[in-house]
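Written out below as structure tokens is the structure these notes cover.
Chains as they are written, first to last, in this note's numbering: chain X, 2 to 247; chain Y, 2 to 116.
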């Protein structure tokens, strides 16, 4: 597949072309395929816990975060509502620093906050990882449309797969269901590694990977937030020291 | 199903304890990002924090799994990640190759260790 946006797009169709470029980029991303598999697993989980297919589709559109959806589906029927809300929220802390790092790359002087609402909602690990790599290569006034296209292209397969998983539930052996859920961490680990080209990114990645499970084991609470602050700050200090030495 | 859940209804519960507690972080990010410059030191630091959290999320999904994945022994999950990652490094940094090898090790390991 090759995306061939017009060589010199007019102002009227340039944002449409940028959106289409984003959708095509999503189609070439490994995430489009592994998220499809993962959401078949989540759809099957929703079926097993007694939710409807419409509920599953809406949860992907509104939440768009695989860990939060797995927590919601598996605890909503049994845990207290406040406990479920807290567990969901703690699993989604990552979105705040992700959005803070993203938005300055997306906007220009004419951008209004309302233009950033859709990109903010579409932000997920997959979209963010692809965008942080590709946005710097794009003209600034195309970036929001590109990001919306990329997000739309990456959220659509999971919406469809969630519904498919709902109907194949019970016919999938448990080992294969486990394999589907395993696709997400496996592919994300490799994609983020591939996209980490700077010292600070690599240090943050390696430290977070080690400190994350350690913090979870200490049961301090807010373990992901602490993981990010500790590992991210060490990586930042290493980066500053290296800059100073140069 | 708990009484509170059946009273609330699944769709209202989805909004109140799924969508809102999740979306609050995205919206906080939107607020905090106002006026921040792409090249400012705080954004460089925040990006490192975000990357570290992503790595932590991935590690926790592997170590403390839920759903069907929890039925696979931890040793098999870790072996599968190590094998997949080595394949990724050795085979031209191909994510596809790494995922294929990692999944193969997971499924073969699960069957081999099944009672």
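Glycine included, every Cβ here is placed at the ideal spot set by N, Cα and C.
Keep in mind it's a predicted model, so treat the numbers as computed, not measured.
Exercise. Would you verify that the beta carbon of residue 2(Y) is, or is not, closer than 8 Å to some beta carbon of chain X?
Key: Confidence at residue 2(Y) is low in this model, with a pLDDT of 48, below 50, so its placement is unreliable and the value that follows should be read with caution. For residue 2(Y), the nearest beta carbon of chain X is closer than 8 Å to its own beta carbon.
Quiz item: residue 254(X) versus chain Y: which residues are under 8 Å apart at the beta carbon?
Solution: There is no way to answer for residue 254(X), as the model of chain X reaches only from 2 to 247.
Quiz item: Rounded to whole angstroms, how far is the Cβ of residue 88(Y) from the Cβ of residue 102(Y), which I believe are closer than 8 Å?
Solution: Between residue 88(Y) and residue 102(Y) the beta-carbon gap is near 4 Å, inside 8 Å, which marks them as a contact.
Quiz item: Taking buried to mean at least 16 other C-beta atoms within 10 Å of its own C-beta, is residue 113(Y) buried or exposed?
Solution: For residue 113(Y), the number of other beta carbons within 10 angstroms of its own is below 16, and it is reported as exposed.
Exercise. For chain Y, find out if any of its Cβ atoms is closer than 8 Å to the Cβ of residue 105(X); answer yes or no.
Key: Closer than 8 Å: yes.
Quiz item: Between residue 163(X) and chain Y, is there a C-beta pair that is closer than 8 Å?
Solution: Among the CB atoms of chain Y, none fall inside 8 Å of the CB of residue 163(X).
Quiz item: CB-CB under 7 Å to residue 227(X), same chain, minus the five flanking residues each way: which ones, in chain order?
Solution: 216 and 221.
Practice problem: Could you have a look at residue 134(X) and say whether DSSP puts it in helix, strand or coil? | Solution: Three-state result, residue 134(X): helix.
Practice problem: Identify whether residue 22(Y) lies in helix, strand or coil by the three-state DSSP scheme. | Solution: In the three-state reduction of the DSSP assignment, residue 22(Y) falls in the helix class.
Quiz item: Closest by CA to residue 28(X), which one among 163(X), 166(X), 76(X) and 150(X)?
Solution: Residue 28(X) has its Cα closest to that of 150(X), out of 163(X), 166(X), 76(X) and 150(X).
Quiz item: Does the beta carbon of residue 122(X) sit closer than 8 Å to a beta carbon anywhere in chain Y?
Solution: So yes, residue 122(X) belongs to the interface.
Quiz item: Does the count of Cβ pairs from the segment 95-105 of chain X and the segment 20-36 of chain Y closer than 8 Å reach three?
Solution: Contact holds: three or more Cβ-Cβ distances are below 8 Å.
Quiz prompt | Three-pair Cβ contact test at 8 Å for the segment 37-57 of chain X versus the segment 128-143 of chain X | solution = No contact exists between the segment 37-57 of chain X and the segment 128-143 of chain X.
Quiz item: When DSSP labels each residue in this structure, what does residue 42(Y) get in the three-state scheme?
Solution: Helix at residue 42(Y).
Quiz item: Does the segment 123-136 of chain X come close enough to the segment 61-74 of chain Y to have 3 or more Cβ pairs within less than 8 Å?
Solution: Segments in contact, no.
Quiz item: How far does the alpha helix (DSSP H) with residue 52(X) in it reach, from first residue to last?
Solution: First-last for residue 52(X): undefined, no H or E at that position.
Quiz item: Can you tell me whether DSSP reads residue 180(X) as helix, strand or coil?
Solution: Note: residue 180(X) maps to helix in three-state DSSP.
Quiz item: Expressed to the nearest angstrom, what Euclidean distance is found between the alpha-carbon atoms of residue 91(X) and residue 97(Y)?
Solution: The straight-line gap from Cα to Cα measures roughly 30 Å.
Quiz item: Comparing the CB of residue 195(X) with every heavy atom of the ligand FMN, is any distance shorter than 7 Å?
Solution: The model on display carries no ligand, and the ligand FMN is accordingly not part of it.
Practice problem: Using a cut-off of 7 Å between C-beta atoms, extract the partners of residue 195(X) located in chain Y. | Solution: Those are 94 and 96, listed as they occur along chain Y.
Quiz prompt | Residue burial classification, residue 76(X) (beta-carbon count within 10 angstroms, cutoff 16) | solution = Buried: at least 16 other Cβ atoms inside 10 Å.
Quiz item: For residue 237(X), is the classification buried or exposed, using 16 other Cβ atoms within 10 angstroms of its Cβ as the cut-off for buried?
Solution: That one is buried.
Quiz item: Along chain Y, which residues have their Cβ under 7 Å away from the Cβ of residue 100(X)?
Solution: In chain order: 27, 30, 31 and 34.
Self-check item: Near-chain Y residues of the segment 20-36 of chain X (beta-carbon distance less than 8 Å), N- to C-terminal order
Solution: Listed in chain order, the positions of the segment 20-36 of chain X with a beta carbon within less than 8 Å of a beta carbon of chain Y are 31 and 35.
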